[in-house]
Amino acid sequence: MFRTARTFKPHITLQPLINKGLRVGTFLTVLYIVGVAIGLVIYFSFPASLQSSFLVQIHTAISSLSPSTSPVHGAFTETTLEFILLFVIWIFAQTPIGTPFIVSLLFLRAVSTGLTFLALVAAFGWRGLYFDLLAIAPSNILTGGGFIFAATVSVLLIRHRHSGGKSSLRYSVWVAYHSAVLLAAGLLFCSGKLETAATTHAFAWLHFSQGR
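Quick note: the sequence shown, position 158, residue 205 per the working numbering, numbers continuous.
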């Protein structure tokens, strides 16, 4: 009299892929945090001459920033290297041996972030710390998240190839991966716009002058 309701069971479940993604993403997030921490302390291992040279470069970089730069132009300027790095990650994702290179690039990006944070503090003292918190940290949270996300889906794509993924999934996997890369690129662009706007306000609040 009563019919038993049939539950829909898709032939392809995303749960295993999500679980793998969470594990890989967690590992890469921890690796990124460790890289930032190493970058914060590696500055003190530099010789005094190298520290002085690095401080000069930081002063020059800060002095070259112009608050009058338009937001759109500034966003593209600030994210040029990030887009190049994302493109390199994409290239390595197309190779079967790209995983160690992707992980290494992500780790080096994290180390450079921590090193820049500490160098600004060493160059400008408390104003450098405030500049980090106001302009650098918020945008780098987005940038780091974008790179971690892109690296995660890239590693998953490489693993899918190694596991001999079903031929029927090739197109859908290709679309999903490149959609994820486009999302990461969008995060990098938003990060650039945020850093441009935050830098403008930070200059006004902290009264940065040329080289000081």
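Note that CB positions come from ideal geometry on N, CA and C, so glycine has one too. Keep in mind that this is a model prediction, so the values were computed, not measured.
Item: Identify whether PRO63 lies in helix, strand or coil by the three-state DSSP scheme.; Value: helix
Item: Pairs of beta-carbons, one from the segment 72-80 and one from the segment 187-205, closer than 8 Å: are there three or more?; Value: yes
Item: Tell me which residue opens and which closes the alpha helix (DSSP H) that ILE144 is part of.; Value: First-last for ILE144: undefined, no H or E at that position.
Item: Just the Cα atoms here: how many angstroms apart are ILE89 and SER219?; Value: 43 Å
Item: Just verifying my parser: in three-state terms, what is the DSSP assignment at PHE93?; Value: coil
Item: Short check: CB of ALA140 to CB of SER201, under 8 Å?; Value: yes
Item: Round the Cβ separation of PHE130 and LEU235 to the nearest angstrom and send it over; I've been treating them as touching at under 8 Å.; Value: 6 Å
Item: Drop a sphere of 10 angstroms on the beta-carbon of VAL71, count the other beta-carbons inside from all chains shown, and report buried for 16 or more, exposed for fewer.; Value: buried
Item: Taking the C-alpha atoms as reference points, what is the distance between ILE136 and VAL228?; Value: 10 Å
Item: Do GLY161 and GLY82 have their beta-carbon atoms positioned less than 8 Å apart in this structure?; Value: yes
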